[in-house]
Amino acid sequence: MIINCLKGVKKAGLFTFLIVGLLFWANSSWSQNSKEKSIVYFTKDISPEGVMRIFEFVKDSVKGKVGIKVHFGEDGNSYFVPATMVEPLCKELNATLIETNVAYKGRRRETATHIELARDHGFTFAPIDILDEGGTLSLPIEGGTHFKTALIGKNLENYETIIYFTHFKGHGSAGFGGCIKNASMGMATPEGKRDMHFNDFPKTDSTKCIGCGACVRDCPANAITLNPLTIDKEKCIGCGKCISSCPVKAITTPDDAEQTKRFLEGLVEYAKPVIELKNSIYFNIVISVSPSCDCSGNPKKPFVPDIGILVSTDIVAIEAAAHDLVDKAHHCDDAFLEANSVSGKHQIEYAEQLGMGNSDYKLVNIDKRKYRKK
Ligand code: SF4
Ligand code: SF4
């Protein structure tokens, strides 16, 4: 009987030990996971009110003078995020709209015409600062393989917080353009932009060309001639617009995987010192998701329905979350690979590798009733 009693005590002890162990494991695993994930807020409310409501969740991160990095949209482009979406936020923060000049022909090349274009596109409610008007800010890139220095618009120095109010959409050379591209190409001087595009020439197949002329109209460097289809490498600045313009894939990203990888990694490296220099908040506005970027004057039509607005303080998490939502809407693993024949996902992997953020995220849908008090 004593032996049976001891057996009972042993069994009970073992049982208690197992339960306690299980609870400890579950608790530590949960807290580890919850610690690892970055928060990305999401709303389907695509409106200025939706912007203001989602901003409530990150507004405590704002410090000092605020610059809001937008894209004013190329002449002929109607898919850029409308000015009305950012107007209340800009007014609330007494912020300045910031941009940089581009390296190619058009109204966005010079400050005066760039600002005129912005006003024509409705950005009339706030001061506009073209950052490279003040010169170049050379920022050292820690841990970069392709670049040692990022050439950024000098007026960035005038702000303490930068809000990247980004249109998440496709890009002919980068697969997609989101906050990483907005913080790199979007903040660089024209010289910095040329650095990133260096050697990024598209591939042509004249047998597929139907002579529609879209690429010639869209090329900002007058680098394309037809019959036969040819790209002048002396003139080409590697912007990738012709890839997005061509309806029959006669112009594509080069098969050279190393060249594509280098371009994507160059974007990430340029973004790194920029986001590290200033307090940064990220919006991805996932609407009008064209395969083409907002620099295209002749963009292709959006290929998924409008999705919503995301906000985070983690640039890697917000890119991963926006990409996942577009993939889900397009019912595939990589919507931009299908749309542009180039995957941009390496931007996310490489940014995480350089310690810029965390691709493991938690999507918080603020449209749920429990978040409505905000
Ligand atoms: S990538 Fe295409 S559109 Fe851009 S400059 Fe070169 S040829 Fe012109
Ligand atoms: S867009 Fe494509 S099909 Fe049209 S002219 Fe250019 S290469 Fe040819």
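Numbering (this note's numbering), first residue to last: -10 to 363.
Glycine included, every Cβ here is placed at the ideal spot set by N, Cα and C.
What you are looking at is a predicted structure, and each value in this text was computed from that prediction instead of being measured.
query	result
With which residues is T138 paired in a DSSP beta bridge?	P129
CB N329 to CB H156, shorter than 9 angstroms?	no
Tell me whether K224 counts as near ligand 1, meaning its Cβ is closer than 8 angstroms to at least one heavy atom of that ligand.	yes
Just curious, the beta strand (DSSP E) that N354 is in, first and last residue?	350 to 354
So is the beta-carbon of P209 under 8 angstroms away from any non-hydrogen atom of ligand 1?	yes
Could you tell me whether any non-hydrogen atom of ligand 2 is closer than 8 angstroms to the CB of I276?	no
Out of F112, C225, N216, F187, state which residue places its alpha-carbon closest to the alpha-carbon of D207.	C225
Please classify E88 as buried or exposed, where buried requires at least 16 other C-beta atoms within 10 Å of its C-beta.	buried
Assuming M345 and L256 form a contact by the criterion Cβ under 8 angstroms, report the distance between their Cβ atoms to the nearest whole angstrom.	The pair is not a contact, with the Cβ atoms about 12 angstroms apart (cut-off 8 angstroms).
Does DSSP classify D118 as helix, strand or coil?	strand
Please report the residue range of the beta strand (DSSP E) in which E146 lies.	First-last for E146: undefined, no H or E at that position.
Once the 5 residues before and after G229 are set aside, which same chain residues still bring their CB inside 6 angstroms of it?	G161, S162
Taking 6 angstroms as the limit between beta carbons, can you name the residues of its chain near C282, skipping five residues before and five after?	H160, G166
So the candidates are L314, P179, F325, I276; which of them puts its Cα closest to the Cα of L126?	P179
Is DSSP giving G159 helix, strand or coil here?	strand
Strictly by DSSP, which residues pair up with V40?	None, per the DSSP bridge assignment.
Is it the case that the Cβ atoms of D303 and N347 are separated by a distance below 9 angstroms?	yes
Would a C-beta distance cut-off of 9 angstroms place V353 and F44 closer than the cut-off?	no
Is DSSP giving G56 helix, strand or coil here?	strand
So does the segment 282 to 301 actually touch the segment 48 to 64, counting three or more Cβ pairs closer than 8 angstroms?	yes
Could you name the residues that DSSP lists as bridge partners for V29?	L352
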